[in-house]
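Contents: one structure, followed by commentary.
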Amino acid sequence: MASKEAIQVIEPATEQVMAELPRAGAEETDAAIDKAKVAFADWRAVAPADRSALLHRLTDAIEGRSDDLATLEARNAGKPIADARGEVGMVVETFRYYAGAPERLTGKTIPVSGGVDMTFREPLGVVGLITPWNFPLTIASWKVAPALAAGNTIVLKPAELTPLTAIELEKIAVEAGLPEGVLNVVPGPGSVCGRRLVEHPDVAKVAFTGSTEVGRGIAEGAAGTIKRVTLELGGKSANVIFADADLEAAASSAPMAVFGNAGQDCCARSRILVERAAMDDFMSALEGAVKSIKVGDPLSESTQMGPLISADQLHTVSSYVNGDAPVAFRGSAPDGPGYWFPPTVLAPVSNDERPAREEIFGPVACVIPFDEEAEAIRIANDTIYGLSGSVWTGDGARALRVARAIETGVISINSNTSVRVATPFGGFKQSGVGRELGPDALEAYTEIKNVYYATEG
Ligand code: NAD
């Protein structure tokens, strides 16, 4: 495809164009794949300690640019500056964590007769990384850092709405001394550049984060070349609150567990399951917490929630809060330009209704009552997704019982956190395939090779 058009990058809080850049197409994607293929031979041969040193330099360089990167991300993704700083902090932590990995990618020796058997973790080659617009640099770092540490070279395709921090990352990598061609960024449409990465025979693996719908197409496309895939997809996570929980704590943390990043978070606990006996107390505490959320200018220090990413997203999210929707209460949102939508709580909702079944990806929470533990587990699992979730209870045995019974990749007890650099993250069911972060991610960027060495004379 010809690729002369520009991408206009819009600032969602103002609807103004904040940058224009050339839109990559199939030609540019092929060129980036070729560069990454050429760079692979040398990059995989860099001695582990040297590769580690280069990754530490890259980490320091990113850390040195933290403020600029956070501001760029806050403006482009419309996220509160305090959140953006936290995310860039996680990017630095992720690179630092995997910078230590090249010297720890060990194999095994396996007892066999007649010789010595050993395994090696070999890099895959060129990996294609496709990322979404909600946590642009953070999600890129979860893929880029382990892929580089394992000795792969990269073509990264950021979301067209939020390409700016990925482009900065490519520049920072070159300045930090990463060899030419090791990290290549192609800002362009998913249907063109993303598809090319999925189908190209020289790309060994695609690691994708995005919607379940696009993920299905990627799994299909990858079949043509038996490409390795990691898919981090959508979610509709349950926040299960029993009557014996610390209700104040559960109610005060529930809003940001679904309205954080304006609800555009794959881990959003958008189904709040509340034991009926605690419903009244929980709802009155929740109302206060929702109404106090500060929605506004992403660059203001006190802002807790910004706008949605785009006019399209605003249109989609609005469709879930039509005339019939059981709106219990809402927070505020600014007037004027920007894709604003107030935090909104729907209650009571049945798990069979559309807002409880579909990933809204906006600041809309459904409160679903239940009467007993088995019912809570059944409702929590009655979804195609299985990414995240929480259980709130004062009964330790029940906490573990329910956490084990919910079909989900990550779950927290008396907490709404999902992601840590050192622990595996990913989904059950249609929330994805494979794990990112922690020690597991390195396995997703390597193949095991078994070598047998005969020693008998
Ligand atoms: P999306 O699926 O529309 O796009 C994601 C990326 O895929 C973008 O870079 C896009 O350009 C690209 N793409 C689109 N069509 C493609 C195609 N045919 N072939 C190859 N690439 C293609 O998702 P989005 O709207 O950017 O992000 C929101 C979605 O991401 C939500 O569903 C959310 O749950 C999910 N998400 C999941 C995680 C996770 O870790 N599980 C994290 C963040 C977001």
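Heads up: the sequence shown runs through residues 61 to 517, numbered per my numbering. Glycine is no exception: its CB is placed at the ideal position from the N, C-alpha and C atoms.
Quick one: complete alpha helix (DSSP H) runs, 4+ long, within the segment 393–467?
The qualifying runs are 414–417, 433–441, 456–465.
Self-check item: Stretch pair the segment 413–433 + the segment 275–290: three plus CB contacts closer than 8 Å
Solution: No, the segment 413–433 is not in contact with the segment 275–290.
- Measure the C-alpha to C-alpha separation of A504 and M339 and round it to an integer number of angstroms. About 43 Å.
- Does DSSP put F180 in a helix, a strand or coil? Three-state DSSP puts F180 in a strand.
Is P249 near the ligand NAD - that is, is its Cβ less than 7 Å away from at least one heavy atom of it?
In this structure, P249 has its beta carbon less than 7 Å from a heavy atom of the ligand NAD.
Q. Helix, strand or coil: which one does DSSP assign to S472?
A. Strand.
- [ ] Measure how close the beta-carbons of Q324 and F389 come, nearest whole angstrom, since I'm counting them as under 8 Å.
- [x] Contact annotation, Q324 with F389: C-beta distance approximately 21 Å; criterion of less than 8 Å not satisfied.
For this session: Would you decide whether G294 is buried or exposed? Buried here means 16 or more other CB atoms lie within 10 Å of its CB.
Result: When all chains shown are included, G294 counts as buried.
- Under three-state DSSP, which class holds K287? Of the three classes helix, strand and coil, the one that applies to K287 here is coil, per DSSP.
Fully enclosed by the segment 252–310, which beta strand (DSSP E) runs are 3 residues long or longer?
-> Fully enclosed beta strand (DSSP E) runs of no fewer than 3 residues occupy 263–269, 288–292, 298–301 of the segment 252–310, in order along the chain.
Any heavy atom of the ligand NAD closer than 7 Å to the Cβ of E259?
Incorrect: E259 has no Cβ contact closer than 7 Å to the ligand NAD.
Provide the residue(s) that pair with F485 in DSSP beta bridges, ordered along the chain.
-> Note: F485 sits in a beta bridge opposite E496.
E292: buried (16+ other C-beta within 10 angstroms of its C-beta) or exposed?
With 16 or more Cβ atoms within 10 Å of its Cβ, E292 is classed as buried.
### Task
Since I believe V387 is in contact with L368 (beta carbons under 8 Å), could you give me their beta-carbon distance rounded to a whole number of angstroms?
Between the beta-carbon of L368 and that of V387 there is about 18 Å, and that puts the pair past the 8 Å contact cut.
Q. What does I188 pair with, by DSSP beta-bridge criteria?
A. Here residue 188 is Gly; the residue named in the question, Ile, does not match the sequence. Looking at the DSSP output, G188 bridges to V215, V266.
Regarding P218 and the ligand NAD, is the C-beta to nearest heavy atom distance less than 7 Å? At least one heavy atom of the ligand NAD is nearer than 7 Å to the Cβ of P218, so yes.
* Asked: What residue range is occupied by the uninterrupted alpha helix (DSSP H) comprising P196?
  -> Unbroken alpha helix (DSSP H) run through P196: 196–209.
Query raised in the report: Within 7 Å: the Cβ of I444 and any heavy atom of the ligand NAD?
Result: Remark: the C-beta of I444 is outside contact range of the ligand NAD, defined as less than 7 Å to any heavy atom.
Would the beta-carbon of N441 fall within 8 Å of that of E413? Taking 8 Å as the Cβ cut-off, N441 and E413 do not qualify as a contacting pair.
Item checked: Residue of S360, G356, I437, Y380 minimising C-alpha distance to P397 -> Taking only the C-alpha atoms, the option nearest P397 is G356.
- Does DSSP put S63 in a helix, in a strand, or in coil? Residue placement at S63 cannot be trusted, given a pLDDT of 45 that sits under 50; the coordinates are not used to answer.
K296 burial status per 10 Å Cβ neighbour count (16 or more: buried): Classification for K296: buried.
Pull up the distance between the alpha-carbon of E88 and that of G487, whole angstroms please. Distance between the alpha carbons of E88 and G487: 32 Å.
Report the three-state DSSP secondary structure of T506 (helix, strand or coil). Reduced to three states, the DSSP call for T506 is strand.
Within 10 Å of its beta-carbon, does P415 have 16 or more other beta-carbons around it, so buried, or fewer, so exposed? By the neighbour-count rule (16 or more Cβ atoms within 10 Å), P415 is buried.
Query raised in the report: From what residue to what residue does the beta strand (DSSP E) around M339 run?
Result: Going by DSSP, M339 is part of no beta strand (DSSP E) but of the alpha helix (DSSP H) stretching over 339–351.
**OP:** Compute the minimum distance between the beta carbon of V274 and the heavy atoms of the ligand NAD, and state whether it is under 7 Å.
**Re:** Yes.
Just tell me which of S312, P358, G391 has its CA closest to the CA of L132.
-> Just measuring C-alpha positions, the residue of S312, P358, G391 sitting nearest L132 is P358.
Go ahead and pull the three-state DSSP assignment for A161. Collapsing the DSSP output to three states places A161 in coil.
Do V263 and G188 come within 8 Å of each other at the CB atom, strictly closer than that value?
Judged by beta-carbon spacing, V263 lies within the 8 Å limit of G188, meaning their Cβ atoms are closer than that value.
Review point. How many angstroms separate the CA atom of V245 from the CA atom of V252?
Key: The straight-line gap from Cα to Cα measures roughly 14 Å.
Exposure label - D128; buried when at least 16 CB within 10 Å = Result: exposed.
Assuming L114 and G237 form a contact by the criterion Cβ under 8 Å, report the distance between their Cβ atoms to the nearest whole angstrom.
Their Cβ separation, rounded to whole angstroms, is 6 Å, which keeps L114 and G237 in contact under 8 Å.
Just to confirm, does P140 get its C-beta within under 7 Å of one of the non-hydrogen atoms of the ligand NAD?
Every heavy atom of the ligand NAD is 7 Å or more from the Cβ of P140, so no.
*Output the residue ranges of the alpha helix (DSSP H) runs that lie fully inside the segment 84–136 and measure 4 residues or longer, sorted by chain position.*
The qualifying runs are 86–105, 108–124.
**Message:** With a threshold of 8 Å, are at least 3 pairs of Cβ atoms found where one atom belongs to the segment 155–173 and the other to the segment 98–109?
**Reply:** Between the segment 155–173 and the segment 98–109 there are three or more C-beta pairs closer than 8 Å, enough to call the two in contact.
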